[in-house]
Structures are given as structure tokens and as C-alpha cells.
Amino acid sequence: MLILGIETSCDETGVALYDSERGLLADALFSQTDMHADYGGVVPELASRDHVQKLLPLCDEVLDRAVCTRSDITGIAYTAGPGLVGALMVGGSVAHALGLALDIPVLGVHHMEGHLLAPMLEDNPPGFPFVALLVSGGHTQLVKVSGIGEYELLGESVDDAAGEAFDKAAKMLGLDYPGGPRVAALAEQGREGVYRFPRPMTDRPGLEFSFSGLKTYTLNTVTAEQAADNWTEQTRADIALAFESAVVDTLVIKCRRALEAADCDRLVMAGGVSANRRLRAALETMAGKQGASVFYARPEFCTDNGAMIAYAGCQRLLAGQRDGDRIVAKPRWPMDTLPGLADECLD
Ligand code: ATP
Ligand code: MG
Ligand code: FE
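Count the sequence shown with full-length UniProt numbering and you get residues 1 to 347, in order.
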């Protein structure tokens, strides 16, 4: 099957063509980050309008790059949730309109399943079962994955997601959105051991996370240093490193526990924060000691993209799953309610 994948859950328009035999043929992305920068966050109405303008040109772009035409497409996958409802509706509308026009099946895909399966697009993809660390702008979850659609939630954040914490820490340090890569870059100049930030919820058993206390700790440190007239470039870098180390250590401790609890020797990391180099290295070191392997996607497929949606949709479309004639848009959608590949798809 040749699948057109469409991602419009938030502020990135992502489109890709994935062929079940030949693999990924082309992908294209437009990020709205600059457009939302003036407002200090994503403005849902502006996001939807921009998806309307960018989506079809990006579809034509990937077809050109893959040297294909619309009539070569045999299935369409779009992000049906979770996300901003207006933004989701744009992707769903275009997917269903194209599906009707071309008389091909269409399927709404879960955005986090897309993230979760993105490492499958790399050489040497992980086999099942594995433990997945989903770390993105809106989610921090540990999931035992026994197959596509066979997801057991082991633990998640009780408050902020790790990516959200990175973005808020970045703001405190005077850095732009998205904060994760910018905090990581600033931390390169940081000195180890100047500050020691807490590792939340690691002193007790369990696989839950909490990042809001770390955020407050960061704010208090920033405020104290500014009041002490110690707000130098070096101070900011030292704080960035202390913050990043605290998040990385926390995630590593919980991943080790999850591998043990699930009795698993494969760890998959996915979502925007999985692009973090320090996190990748620390998880590799931990896994090495446990005799486990770590899998992740190339950096551009860690954050939102169309390729992950095309891939996830392709697996389900091949299994015969498809939407009815209604567009599916679910702003909230727990991943462990998804059907397995052998189950009938109900929307
Ligand atoms: P969700 O997928 O939960 O709906 P989202 O789509 O907004 O949320 P992603 O696109 O997966 O999230 O990831 C974006 C997040 O990843 C942002 O919070 C960003 O700061 C973070 N991020 C990206 N690169 C890095 C990095 N190198 N280090 C740390 N965080 C990063
Ligand atoms: Mg985004
Ligand atoms: Fe995402």
C-alpha cells in the first residue's frame, strides 16, 4: 500500500508518503513556531488556519519528491487525536475529502501511537515486546508494548510533561520556544555540581512522574540569583545543566524500574524530548548495565511529523482497519483504549 500520512494535531503540518514494500518515500514539514512566538504559546485558531493553507501544497510536495501522483495513493492516515480540535479537523477533513475523491480507505491515527512507532522507521527497528518511554510536549508515560495496539500504561506524569517542563524552564532562562533544544544547547556551557536540583518522586517506589516541583525549584533558583545580582551567562548555563540533569536522571531511574517491572530487555524512547542527546546517552549507559538495548528515531522524527502517522496508519490499514464516513477528531484519547491489529476498529 502507498499511504499518505497527515499530521496536524498542534502547530506542525507534517505530510509523508510511506510504502509498505519500499518504506518511507518522502516527508515534508512546516512548523508554525515563528507565527505563535509573539503570543507566548500556540493560538488554536491561528494554528487551524495555517494548516488549511499549508496542507495541500505539502501533499503535492511529497508526491513530487516521491515521483508519484495522487492516483498512486492507496490509503490515507491522519492524526485523529489527541490535540487541538480545530487543527485535528483540518487534517481529518482533507484526509476524508481526498479519500472520497480517490475512492481509497482513510483512517484516523492516535498521535502518541505515531510517536511510539516512529523508531520503526529506522534501520534495526525494535521487535516486540518493549517498554516505551513517551516523552513529548504533552505526555510523559511509560508503556509496555506487546504489539501494535497492545499497550499497558505502567506510569505517567501526575502533572506537567517533561517537554512542557523544558519549555517553561527555557522561558525562565530567557530562551525561546521550543525550549528543549535551547536548554540543552545552553547546558553544554554549564558546570557540573554548581547546583543540585531534586529528582522528583525517585525516593519512593513507583513509575509515576512529577515535574511541576522541579519547575518551581528552577524558578526559585533563577529568582534568587537575579536578586543576588548573579544573573550571568555562566549562571544561566549552570542552571540549564542542573535542570537538564535532574530531568534526565529522573527519567533514567524510572526507565530502569520499568524494564525490571516489565521483565523486558528493549527500551524505546519516543516524542520530542527523546531527541535530547544527554538523555539518549544516559539511557544507553543504564540499559547497557541491564543488558538491554535502546531504540529511538532520528531527531526530526522525534518531534511531530507526517512519517510516523503514515507508518502507524499503514500497519492498521493493512490489517483492514478504516474510518466510517465520519471524520474522527478526539482532543482527548487515552492510548490504552486503542484496538489491537486483530480487533475490529470502532470509532
Ligand atoms: P504531544 O506529542 O504530547 O501531543 P507535542 O506534539 O507538542 O506534544 P512533540 O512534538 O513530540 O510534542 O515534542 C515537542 C517537545 O519536545 C517540546 O516540549 C520541546 O521542547 C521538546 N524537545 C524537543 N527537542 C528537545 C531536546 N533536544 N531536549 C529536550 N526537549 C526537547
Ligand atoms: Mg509542536
Ligand atoms: Fe507530538
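Even glycine gets a Cβ: it sits at the ideal position worked out from N, Cα and C.
Taking Tyr311 as part of the alpha helix (DSSP H), name the residues at either end of that continuous run.
Along the sequence shown, one-based indexing puts residue 311 at 311. Annotation for Tyr311: the continuous alpha helix (DSSP H) segment containing it runs 306 to 318.
So if I measure from each beta-carbon to every heavy atom of ligand 3 and keep distances below 5 Å, which residues remain?
Those residues, listed in chain order, are Ser136, Asp304.
Should Asn276 be labelled buried (16 or more other beta-carbon atoms within 10 Å of its own) or exposed?
By 1-based counting over the sequence shown, the position of residue 276 is 276. Buried, because 16 or more other Cβ atoms sit within 10 Å of the Cβ of Asn276.
Apart from the five residues just before and just after Gly138, which ones in its own chain have a Cβ nearer than 6 Å to its Cβ?
In the sequence shown, counting from the first residue as 1, residue 138 sits at position 138. Hits under 6 Å: Ala161.
With a threshold of 7 Å on Cβ separation, who are the neighbours of Cys59 within its own chain once the five nearest residues in sequence on each side are excluded?
Residue 59 sits at position 59 when you count from the first residue of the sequence shown. Leu4, Val15.
Candidates Tyr311, Glu192, Ala87: closest to Arg236 by CA position:
Position 236 of the sequence shown, counted from the first residue, corresponds to residue 236. Nearest of Tyr311, Glu192, Ala87 to Arg236, Cα basis: Glu192.
Ligand 1 heavy atom lying under 6 Å from the CB of Pro119
Position 119 of the sequence shown holds residue 119. Result no, Cβ not under 6 Å from ligand 1.
Beta-carbon separation of Phe166 and Val183 under 7 Å?
By 1-based counting over the sequence shown, the position of residue 166 is 166. By 1-based counting over the sequence shown, the position of residue 183 is 183. Yes, they are a contact pair.
Using only the heavy atoms of ligand 1, determine whether one of them is closer than 6 Å to the beta carbon of Asn276.
Taking the first residue of the sequence shown as position 1, residue 276 is located at position 276. For ligand 1, at least one heavy atom lies less than 6 Å from the Cβ of Asn276.
Any non-hydrogen atom of ligand 2 closer than 6 Å to Asp11 Cβ
Your numbering for residue 11 matches position 11 in the sequence shown. True, at least one ligand heavy atom lies under 6 Å from that Cβ.
With a cut-off of 8 Å, do at least 3 Cβ pairs link the region 277 to 285 to the region 144 to 151?
Because the criterion of three Cβ pairs below 8 Å is not met, the region 277 to 285 and the region 144 to 151 do not touch.
Verify the contact flag: Val273, CB atom, against every heavy atom of ligand 1, threshold strictly below 6 Å.
If you number the sequence shown from 1, residue 273 lands on position 273. At a cut-off of 6 Å, the beta-carbon of Val273 counts as near ligand 1: some heavy atom of the ligand is closer than that.
Excluding the five sequence neighbours on either side, which residues of its own chain have a C-beta within less than 6 Å of the C-beta of Ile104, listed in chain order?
Position 104 of the sequence shown, counted from the start, is the residue given in the question as residue 104. Result list for Ile104: Thr74, Gly75, in chain order.
Same chain only: Cβ atoms within 6 Å of Val106, ignoring 5 sequence neighbours per side:
What you label residue 106 is simply residue 106 of the sequence shown in a count that begins at 1. In its chain, beyond the 5 residues on either side, Ile76, Ala95, His96, Gly99, Asp323 have a beta carbon closer than 6 Å to the beta carbon of Val106.
Alpha carbon to alpha carbon, what distance is there between Gly306 and Thr13?
Here the question's residue 13 lines up with position 13 in the sequence shown. Here the question's residue 306 lines up with position 306 in the sequence shown. Distance between the alpha carbons of Thr13 and Gly306: 8 Å.
6 Å Cβ shell around Gln141 - same chain, five flanking residues per side excluded
If you number the sequence shown from 1, residue 141 lands on position 141. Hits under 6 Å: Leu134, Glu156.
Considering only C-alpha positions, which residue in the set Gly91, Val268, Leu63, Thr79 is nearest to Gln53?
Position 53 of the sequence shown, counting from 1, holds the residue named residue 53. The candidate whose alpha carbon is nearest that of Gln53 is Gly91.
Cβ pair Val43, His51 closer than 7 Å
As a working note, residue 43 is residue 43 in the sequence shown. As a working note, residue 51 is residue 51 in the sequence shown. Cβ atoms of Val43 and His51: not closer than 7 Å.
Could you check whether the region 310 to 320 touches the region 331 to 342, counting it as contact only if at least three pairs of C-beta atoms, one from each stretch, sit closer than 8 Å?
Contact between the region 310 to 320 and the region 331 to 342 is present, with at least three C-beta pairs closer than 8 Å.
Whole angstroms are fine: how far does the CA of Ala310 sit from the CA of residue 353?
Nothing about residue 353 can be read from this structure; the chain reaches only from 1 to 347.
For the beta strand (DSSP E) holding His51, just list the boundary residues, first then last.
The count along the sequence shown starts at 1 and reaches residue 51 at position 51. For His51, no beta strand (DSSP E) encloses it; the enclosing alpha helix (DSSP H) starts and ends at 44 to 65.
By the three-class DSSP mapping on this structure, what secondary structure does Val109 have?
Taking the first residue of the sequence shown as position 1, residue 109 is located at position 109. Looking at Val109 - three-state DSSP - the assignment turns out to be strand.
For Phe166, three-class secondary structure by DSSP:
Residue numbering aside, residue 166 sits at position 166 when the sequence shown is read from its first letter. In the structure shown, the three-state DSSP call for Phe166 is helix.
8 Å contact criterion, which Phe130 and Cys264 should meet: CB distance rounded
As a working mapping, residue 130 is identified with position 130 in the sequence shown. As a working mapping, residue 264 is identified with position 264 in the sequence shown. Their Cβ separation, rounded to whole angstroms, is 6 Å, which keeps Phe130 and Cys264 in contact under 8 Å.
Judging by CA-CA distance, which residue of Ala261, Ala270, Ser93 is the nearest neighbour of Arg298?
The count along the sequence shown starts at 1 and reaches residue 298 at position 298. Nearest option by C-alpha distance: Ala270.
For Gly152, the residue or residues it bridges with in DSSP:
Numbered from 1 along the sequence shown, position 152 holds the residue referred to as residue 152. The sequence shown places Glu at residue 152, rather than the Gly named in the question. In the DSSP output, where bridge partners are listed per residue, Glu152 has Lys144.
So, are the CB atoms of Val85 and Pro331 less than 7 Å apart?
Within the sequence shown, residue 85 is the residue found at index 85, counting from 1. Within the sequence shown, residue 331 is the residue found at index 331, counting from 1. Judged by their CB atoms, Val85 and Pro331 are nearer to each other than the 7 Å cut-off.
Residue(s) in a DSSP beta bridge with Leu29
Position 29 of the sequence shown, counted from the start, is the residue given in the question as residue 29. Note: Leu29 sits in a beta bridge opposite Gly14.
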